[in-house]
Amino acid sequence: MSSNENGSNGAPGDLGMGALGRMSEERPLDALLPELNKSRRQKSEPIDASAVHPRVLEVTLEDSWEWTLGAWSDPGARALDKLLRELIQVTVLAELSKSPDNKTAARNFEKMRLLVFAPMSAESQKVIEEIGFSKIDFAPDQYAERINAWRDEARAAGLTPSPRPSAVYVMDISRVDPVIANNLLTIQAEMTKKLAGEFWGQTPGGPSRLMATYLRQYLNASVTPNRKGLHELELFIVQDKQNCLRWIDPSIFQALCDFIGVILRAVHDLDVQWGVCTPDSSGFASPPVFRVKRKDGYKIVPVSLHLLNWCVMPRGEEAPSLAESVDALARELK
Numbered sequence: 075m076s077s078n079e080n081g082s083n084g085a086p087g088d089l090g091m092g093a094l095g096r097m098s099e100e101r102p103l104d105a106l107l108p109e110l111n112k113s114r115r116q117k118s119e120p121i122d123a124s125a126v127h128p129r130v131l132e133v134t135l136e137d138s139w140e141w142t143l144g145a146w147s148d149p150g151a152r153a154l155d156k157l158l159r160e161l162i163q164v165t166v167l168a169e170l171s172k173s174p175d176n177k178t179a180a181r182n183f184e185k186m187r188l189l190v191f192a193p194m195s196a197e198s199q200k201v202i203e204e205i206g207f208s209k210i211d212f213a214p215d216q217y218a219e220r221i222n223a224w225r226d227e228a229r230a231a232g233l234t235p236s237p238r239p240s241a242v243y244v245m246d247i248s249r250v251d252p253v254i255a256n257n258l259l260t261i262q263a264e265m266t267k268k269l270a271g272e273f274w275g276q277t278p279g280g281p282s283r284l285m286a287t288y289l290r291q292y293l294n295a296s297v298t299p300n301r302k303g304l305h306e307l308e309l310f311i312v313q314d315k316q317n318c319l320r321w322i323d324p325s326i327f328q329a330l331c332d333f334i335g336v337i338l339r340a341v342h343d344l345d346v347q348w349g350v351c352t353p354d355s356s357g358f359a360s361p362p363v364f365r366v367k368r369k370d371g372y373k374i375v376p377v378s379l380h381l382l383n384w385c386v387m388p389r390g391e392e393a394p395s396l397a398e399s400v401d402a403l404a405r406e407l408k
């Protein structure tokens with residue numbers, strides 16, 4: 075691994091791993107997360123009709139951002155659960171995978187809303203609430219612009235627009251304790267400046283080394299490449315709240331993905347190669363991914379999707395720790 079100013083030299087040696095590998099072949103992103111392409115269609119493009127609309131609307135408020143999802147019909151509880159979870163995963167992962175810049179850092183999402191435009195069975199309503207949404211009253215004056223946008227989306231899907239939703243649900247996007255959150259925002263800003271212009275995977279081990287430097291500086295945390303280091307990161311970064319999206323800022327999320335690769339090599343002795351997430355012509359950056367060399371060939375590891383489910387999606391009652399999750403992943407890769 076070559077040295078550069080984006081973290082390879084900056085930390086006090088506690089994440090030194092020698093030369094870490096990068097993947098040279100084109101990454102199979104479409105097979106990894108095929109729904110990403112659907113959610114990235116341009117507004118003017120026609121879109122296939124689905125019970126859950128495959129495109130998510132971003133809403134810019136005075137001092138925050140929101141995502142709004144739409145459901146046109148009830149496909150049944152099991153199908154609804156799958157469609158909603160996949161769309162939430164794709165939406166959040168696309169945001170967390172963006173290359174570091176000040177514009178990305180300023181997008182402070184606080185809520186995700188679901189507008190339902192058809193009656194839902196009791197089982198489907200239960201699914202929505204189990205995912206983490208809570209039902210709220212519909213206030214027409216607060217949703218006028220959003221309803222107009224959804225009428226356009228309905229027409230793009232070849233559907234007859236409904237004048238108003240039959241139900242509205244909301245899920246909070248939560249952050250850690252305010253004191254820690256303020257320090258993490260500072261760390262995010264510092265990392266954004268340092269990593270500007272660099273793509274994930276270009277410098278294996280570099281983002282997590284840089285994160286360790288700033289965590290020591292601002293939170294007096296000692297992050298080492300072992301299970302203890304994972305536990306230390308979890309204490310400061312990962313929330314144990316339920317019924318909400320547990321936000322991790324993009325630069326820190328990507329550094330945590332990088333750190334998991336370091337752990338898989340240092341602790342579990344796996345041959346890990348980093349995928350280089352070069353943005354496409356629209357600026358979209360592919361989510362972080364590894365390739366692990368095994369006796370029977372290569373295994374693609376969607377580390378960003380794993381981390382999203384472990385640390386960002388609404389938490390289950392019996393969720394394992396981050397270290398336990400990484401241990402389980404390593405056993406699968408042996």
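Residue numbers (the working numbering): 75 to 408.
C-beta atoms are modelled at their ideal positions from N, C-alpha and C, and glycine is treated no differently.
On a Cα-Cα basis, can you pick out the residue from the options that is closest to residue i?
i	options	result
Gly279	Asp148, Tyr292 and Val297	Val297
Ala230	Arg301, Asn317, Lys267 and Arg129	Arg129
Asn256	Ala153, Val350 and Tyr292	Tyr292
Met186	Val312, Ile254, Val253 and Val242	Val242
Tyr217	Trp141, Val253 and Gln276	Trp141
Ala196	Gly232, Arg301 and Gly150	Gly150
Asp332	Glu219, Pro235, Pro299 and Arg290	Pro299
Asp155	Ala168, His342, Gln199 and Glu136	Gln199
Arg249	Glu227, Lys209 and Glu184	Glu184
Ala295	Gln313, Leu258 and Gln328	Leu258
Arg389	Val400, Gly206 and Val164	Gly206
Val377	Thr260, Arg225, His342 and Gly335	Gly335
What are the partner residues of residue i, as DSSP defines its beta bridges?
i	result
Phe358	Bridge partners of Phe358: none, in fact.
Gly140	Per the sequence shown, residue 140 should be read as Glu rather than Gly. For Glu140, which the question treats as bridged, DSSP gives the partners Val133 and Lys185.
Lys22	Residue 22 lies beyond the stretch modelled for the chain, which goes from 75 to 408, so this question has no answer here.
Leu319	Ile247
Val190	Ala145 and Ala241
From residue i to residue j, what does the alpha carbon distance come to, in whole angstroms?
i	j	result
His380	Asp211	34 Å
Leu131	Leu143	7 Å
Ser194	Ser147	According to the sequence shown, residue 194 is Met rather than Ser. For Met194 and Ser147, the distance between alpha carbons rounds to 8 Å.
His246	Asn317	First, the amino acid is wrong: residue 246 is Asp here, not His. Taking the straight line joining both Cα atoms gives about 8 Å.
Arg405	Pro324	27 Å
Thr134	Glu204	27 Å
Asp348	Lys177	It is worth fixing the name first, because residue 348 is Trp in this sequence and not Asp. Trp348 and Lys177: Cα-Cα distance of roughly 26 Å.
Leu284	Ala270	13 Å
Asn222	Pro237	9 Å
Ile254	Leu338	27 Å
Leu170	Lys369	33 Å
Ala180	Arg152	36 Å
Met265	Tyr288	8 Å
Arg301	Val126	40 Å
Trp139	Asn182	6 Å
Ser98	Thr234	Unreliable placement is indicated for Ser98, whose pLDDT of 39 sits below 50; no coordinate value is reported for it.
Lys268	Gln262	10 Å
Lys315	Ile326	19 Å
Asp251	Ser208	22 Å
Glu227	Glu219	13 Å
Val409	Ile162	The shown model of the chain, from 75 to 408, leaves out residue 409, and the question about it has no answer.
His342	Val400	10 Å
Val201	Gln328	30 Å
Arg290	Asp175	23 Å
Leu309	Glu391	18 Å
Return helix, strand or coil for residue i, following the three-state DSSP convention.
i	result
Lys414	Residue 414 falls outside the range modelled here, since the chain spans only 75 to 408, and no answer is possible.
Phe212	coil
Gln313	coil
Leu47	The shown model of the chain, from 75 to 408, leaves out residue 47, and the question about it has no answer.
Ile374	strand
Arg101	Caution is warranted here: a pLDDT of 37 is assigned to Arg101, below 50, making its placement in the model unreliable, and no coordinate value can be reported.
Arg159	helix
Met245	strand
Ala151	helix
Val126	strand
Val59	There is simply no residue 59 to check, as the chain begins at 75 and stops at 408 in what is shown.
Asp332	helix
Ser236	coil
Lys112	Note on Lys112: pLDDT 45, under 50, position unreliable in the model; the coordinate value appears next. Residue state, collapsed to three classes: helix.
For residue i, which residues of its own chain have a beta-carbon under 6 Å away from its beta-carbon, when the five flanking residues on both sides are left out?
i	result
Val366	Leu344, Val346, Lys373, Val375 and Leu407
Leu304	Leu396 and Ala397
Gly371	none
Once the 5 residues before and after residue i are set aside, which same chain residues still bring their CB inside 7 Å of it?
i	result
Val166	Leu319, Leu382 and Val386
Ser173	Phe273, Pro353 and Ala359
Pro239	Leu189, Val190, Phe191 and Phe212
Gln276	Val350
Met215	According to the sequence displayed, residue 215 carries Asp and not Met. Taken in chain order, the list of residues that qualify is empty.
Gln313	Ser248, Val250 and Arg320
Asp137	none
Thr260	Tyr292
Just checking residue i against the ligand FAD - is the residue's beta carbon closer than 8 Å to any of the ligand's heavy atoms?
i	result
Val242	The ligand FAD is not part of this structure, which contains no ligands at all.
Considering only residues of the same chain and omitting the five flanking positions on each side of residue i, which have a CB-CB separation below 8 Å?
i	result
Ala402	Pro394
Leu330	Ser282, Met285, Leu307, Ile311, Ile322, Leu381 and Cys385
Ser124	Trp146, Leu157 and Ala231
Determine whether the Cβ of residue i lies closer than 9 Å to any Cβ atom of chain C.
i	result
Arg249	The structure shown contains no chain C, having only a single protein chain.
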